[in-house]
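In full-length UniProt numbering, the protein residues as written are 1 to 161.
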């Protein structure tokens, strides 16, 4: 991402100064697919129609994906899987650096829970990859967070008074 810190943009209009802070944090756009698929089928579908299965790497992304998921009670596949040595994201094959595991998870129950779903609680759990669940894909779109701060100059205060 080209920005590493928030940076200000200044506008001076009608006697007041507006500062818009463009934050370097991005919000990934997620797409909920209400079709039941195995994890492998879900990944193939997401890669064909979007970018990949959903990757969640920040609190903001976790909140965003849970807002979308709030209206359904089903567990949902996300793009996290266990490759024997470590948990990895299917998109870009990145190592897990952020996690929101549900209680007592991951537990690898039965020795074959190598894929991860978003539970109805909003937290993650490992599961066998052949279970059929609805799917979270991520599109290639991202959103930059904007914050606006208005600073009134003395000339504006004189006009108002």
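Think of the CB as a built atom: it goes at the ideal place given N, C-alpha and C, for glycine as much as any other residue. Everything numeric in this text was worked out from a predicted model, so none of it was measured.
Quiz item: Can you list the beta strand (DSSP E) stretches of 3 or more residues lying completely in the stretch 73-150, in chain order?
Solution: Restricted to the stretch 73-150, the beta strand (DSSP E) segments that are unbroken, complete and at least 3 residues in length are 76-82, 87-89, 115-118 and 124-127, listed in chain order.
Quiz item: Just checking my contact of residue 123 with residue 100 at CB under 8 Å: how many whole Å lie between their CB atoms?
Solution: Correct: roughly 5 Å between the Cβ atoms.
Quiz item: Thinking just about the alpha-carbon of each residue, which of 117, 88 and 95 is nearest to the one in residue 102?
Solution: Checking every option, the nearest Cα to that of residue 102 belongs to 117.
Quiz prompt | Between the CA atoms of residue 67 and residue 132 - distance to the nearest angstrom | solution = Distance between the alpha carbons of residue 132 and residue 67: 22 Å.
Quiz prompt | Closest Cα partner of residue 115 within the set 53, 34 and 32 | solution = Checked all of 53, 34 and 32; the closest Cα to residue 115 is 53.
Self-check item: Coarse secondary structure for residue 51, derived from DSSP in three states
Solution: Residue state, collapsed to three classes: coil.
Self-check item: Pairwise C-alpha distance: residue 110 and residue 139
Solution: Between the alpha carbons of residue 139 and residue 110 lies a distance of about 33 Å.
Quiz item: Which one or two residues does DSSP pair with residue 33 in a beta bridge?
Solution: Answer is 135.
Quiz item: Cβ atoms of residue 88 and residue 81: under 8 Å apart, would you say?
Solution: Annotated as proximal: residue 81 and residue 88, with beta-carbon spacing under 8 Å.
Practice problem: Using a threshold of 8 Å, state whether the C-beta atoms of residue 137 and residue 40 are closer than that. | Solution: Judged by their CB atoms, residue 137 and residue 40 are not nearer to each other than the 8 Å cut-off.
Quiz item: Is residue 74 near residue 134, with beta carbons less than 8 Å apart?
Solution: Pairing residue 74 with residue 134 gives a Cβ-Cβ distance under 8 Å.
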